[in-house]
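Student:
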Amino acid sequence: MNEQAILTFALLGGLLLIFALTVMAFFVRRTLIATIEGFSWYRKVFLEHYIWVLGTSSSGFPAGSRNQHREVEHYQSYEHIRDETTTTSVNGQTTTTTQPVYGFVTRERTKYTYEIQQWVKSRELLAEGTARATLHWPADVLDGSTQERVESTQEKYVVCFQTARGKKYKRELPETDWATLDDTSTYLLKVNAFGHIMNFTPSPSQIASASRQTS
Numbered sequence: 290m291n292e293q294a295i296l297t298f299a300l301l302g303g304l305l306l307i308f309a310l311t312v313m314a315f316f317v318r319r320t321l322i323a324t325i326e327g328f329s330w331y332r333k334v335f336l337e338h339y340i341w342v343l344g345t346s347s348s349g350f351p352a353g354s355r356n357q358h359r360e361v362e363h364y365q366s367y368e369h370i371r372d373e374t375t376t377t378s379v380n381g382q383t384t385t386t387t388q389p390v391y392g393f394v395t396r397e398r399t400k401y402t403y404e405i406q407q408w409v410k411s412r413e414l415l416a417e418g419t420a421r422a423t424l425h426w427p428a429d430v431l432d433g434s435t436q437e438r439v440e441s442t443q444e445k446y447v448v449c450f451q452t453a454r455g456k457k458y459k460r461e462l463p464e465t466d467w468a469t470l471d472d473t474s475t476y477l478l479k480v481n482a483f484g485h486i487m488n489f490t491p492s493p494s495q496i497a498s499a500s501r502q503t504s
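As numbered in my numbering, residues 290 to 504 make up the sequence shown, in order.
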């Protein structure tokens, strides 16, 4: 086995080892006891408006456009110009070959410039906080002169757990789960080697206490 093959096998072995360790780190989990340290959230609203924008085309003016201008442009195009035929004779045998010849040719085209109305992103509204009681959507007055409207929304809800040693772990949740979490409870966290919370549940003692209270 030559040196190149040995190097290749060593590289592949290293990559496989890294892959295996990564997979193990993802699936190997440890259980931690933690309480809720806090919450965070944000909500974004992306707005768009219908405004006149500059446009160009090589095929004409679109319907509804204004401030129309046309201009003839010259440009260089690299293309097939001709074929060249060469005849050679070796030992009385004649051979004819044909080769294409390429070069730059000056061409012209018409450029159409205009203004056209389009929906364009206008603004981004943000509301954020660290308390569930302050949860709300950002609000602002829409600009009626440009038909401003909501294009899309984005939201994120995060709970932060903290262990007795002060180590913090964050987990993003759907709004309903986030809003109904009991911030006075103790939880069991299933955490992988990367520090990601894979799952969490109320601790058995917490469940037993809740059961006694309802019985």
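Cβ atoms here follow ideal geometry from the backbone N, Cα and C, with glycine treated the same way.
Rounded to whole angstroms, what's the CA-CA distance from Arg359 to His369? Just pull it up for me.
Tutor: 29 Å
Student: Quick one: grab the DSSP three-state call for Arg511.
Tutor: Not covered by the structure: residue 511. The range shown for the chain is 290 to 504.
Student: Assuming Tyr403 and Asn356 make a contact with CB atoms under 8 Å, what is their CB distance in whole Å?
Tutor: The beta-carbon separation of Tyr403 and Asn356, rounded to 6 Å, stays under the 8 Å limit for a contact.
Student: Within a Cβ cutoff of 8 Å, which residues of the same chain sit near Arg396, ignoring the five residues on either side of it in sequence?
Tutor: Contacts found: His363, Tyr364, Gln365 and Ser366.
Student: Provide the residue(s) that pair with Ile370 in DSSP beta bridges, ordered along the chain.
Tutor: Answer is none; Ile370 lacks a bridge partner.
Student: How big is the Cα-Cα spacing for Ser348 and Ser354?
Tutor: 14 Å
Student: Could you check whether the region 439-455 touches the region 322-338, counting it as contact only if at least three pairs of C-beta atoms, one from each stretch, sit closer than 8 Å?
Tutor: yes
Student: Excluding the 5 residues flanking Gln443 on each side, which residues of the same chain have their C-beta closer than 6 Å to its C-beta?
Tutor: Short of 6 Å from the beta carbon of Gln443, and not among the five residues preceding or following it, lie these beta carbons of its own chain, in chain order: Lys333.
Student: For Thr505, which residues in the same chain have their Cβ closer than 6 Å to its Cβ, ignoring the five residues on either side in sequence?
Tutor: Absent from the model: residue 505. The displayed extent of the chain is 290 to 504, so no value can be given.
Student: Could you tell me if Ala323 is buried or exposed, where buried requires 16 or more neighbouring beta carbons within 10 angstroms of its beta carbon?
Tutor: With 16 or more Cβ atoms within 10 Å of its Cβ, Ala323 is classed as buried.
Student: Do you know how far the Cα of Gly433 is from the Cα of Phe315?
Tutor: Here the model assigns Phe315 a pLDDT of 44, short of 50, so the residue's position is not dependable, and the following value carries that caveat. Taking the straight line from one Cα to the other gives about 51 Å.
Student: Please report the straight-line C-alpha distance between His338 and Thr345, rounded to a whole angstrom.
Tutor: 21 Å
Student: Locate the beta strand (DSSP E) running through Trp426, then write down its first and last residues.
Tutor: Per DSSP, Trp426 belongs to no beta strand (DSSP E) and is neither H nor E.
Student: Using the three-state DSSP reduction, which class does Gly484 fall into: helix, strand or coil?
Tutor: coil
Student: My output table needs one value for Glu413: the three-state DSSP class, helix, strand or coil.
Tutor: strand
Student: What does the alpha-carbon distance come out to for the pair Ala468 and Leu462?
Tutor: 9 Å
Student: Going by DSSP, name the residue or residues bridged to Trp467.
Tutor: For Trp467, which the question treats as bridged, DSSP gives no partner whatsoever.
Student: If you draw a straight line from the C-alpha of His485 to the C-alpha of Phe335, how long is it?
Tutor: 30 Å
Student: Let me make sure I understand the geometry here. Which of Glu440, Tyr476 and Ala422 has the alpha-carbon closest to that of Glu413?
Tutor: Glu440
Student: Rounding to the nearest angstrom, what Cα-Cα distance links Asn488 and Thr423 in this structure?
Tutor: 27 Å
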